[in-house]
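Remarks on the structure that follows.
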Amino acid sequence: MNTREVFERAITSGEVRTDHLADDVVIEWPFAAGGPRRIEGRAAFAAMAGTARAALPFRVDAMVIDVVHETADPEVIVAEYHLDGTMSATGERRSSPLIAVIRATGDQITHWREYQDTLAIAQAMTGS
Numbered sequence: 005m006n007t008r009e010v011f012e013r014a015i016t017s018g019e020v021r022t023d024h025l026a027d028d029v030v031i032e033w034p035f036a037a038g039g040p041r042r043i044e045g046r047a048a049f050a051a052m053a054g055t056a057r058a059a060l061p062f063r064v065d066a067m068v069i070d071v072v073h074e075t076a077d078p079e080v081i082v083a084e085y086h087l088d089g090t091m092s093a094t095g096e097r098r099s100s101p102l103i104a105v106i107r108a109t110g111d112q113i114t115h116w117r118e119y120q121d122t123l124a125i126a127q128a129m130t131g132s
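Next up, the structure:
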């Protein structure tokens, strides 16, 4: 399985499936506006993601890949994708673009660095 296939399988359910994360995965959000900027380990990510998702004012309906760029390193891709969601209070649909640099070895993601449009996320969170 190549890195693109691992990434595609990891997000097919509209959330990150932790079974495609290495036990010692490193996940980073360099431009995160609040919350952690780095998580180490599958268990730590799963704990953080469950708590964070429960607190969101919207439901994530899908994670959609727009473009995947292959790199000179076969273990690394750059993925452009977006989250589609529905505001819980109003039913209004929202979308937020993301870019991630993904490294996978075998069928496990070992490093995920995600760059977020923090303004779009803030607007989605507040419904503005």
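The sequence shown begins at 5 in this note's numbering and counts up one residue at a time.
Glycine included, every Cβ here is placed at the ideal spot set by N, Cα and C.
Output yes or no for whether 8 Å exceeds the beta carbon distance between residue i and residue j.
{"i": "F11", "j": "I106", "result": "yes"}
{"i": "R46", "j": "A26", "result": "yes"}
{"i": "T122", "j": "A53", "result": "no"}
Within a Cβ cutoff of 6 Å, which residues of the same chain sit near residue i, ignoring the five residues on either side of it in sequence?
{"i": "E32", "result": "R42, R117"}
For residue i, I'd like the list of residues in its chain whose CB is within less than 7 Å of its CB, leaving aside the five on either flank, ordered along the chain.
{"i": "D65", "result": "G18, D88, G89, T90"}
{"i": "E74", "result": "I81"}
Kindly give me the distance between the Cβ atoms of residue i and residue j, rounded to whole angstroms, as I take these residues to be in contact under 8 Å.
{"i": "S99", "j": "H115", "result": "The Cβ separation is near 26 Å, so there is no contact."}
{"i": "A14", "j": "I103", "result": "Going by Cβ atoms, the distance from A14 to I103 rounds to 16 Å, so no, they are not a contact pair."}
{"i": "V30", "j": "E44", "result": "5 Å"}
{"i": "Y119", "j": "F49", "result": "About 17 Å separates the two Cβ atoms, so there is no contact after all."}
{"i": "M5", "j": "D70", "result": "Not confirmed; about 21 Å, so no contact."}
Based on the DSSP output, what are the partners of residue i in its beta bridges?
{"i": "L87", "result": "M67, S100"}
{"i": "V72", "result": "A83"}
{"i": "V105", "result": "V82, R117"}
{"i": "L25", "result": "I113"}
{"i": "V30", "result": "E44, H115"}
Leaving out five residues on either side along the sequence, give the residues of the same chain with a beta carbon under 8 Å from the beta carbon of residue i.
{"i": "R21", "result": "R13, A14, I15"}
{"i": "P78", "result": "N6, T7"}
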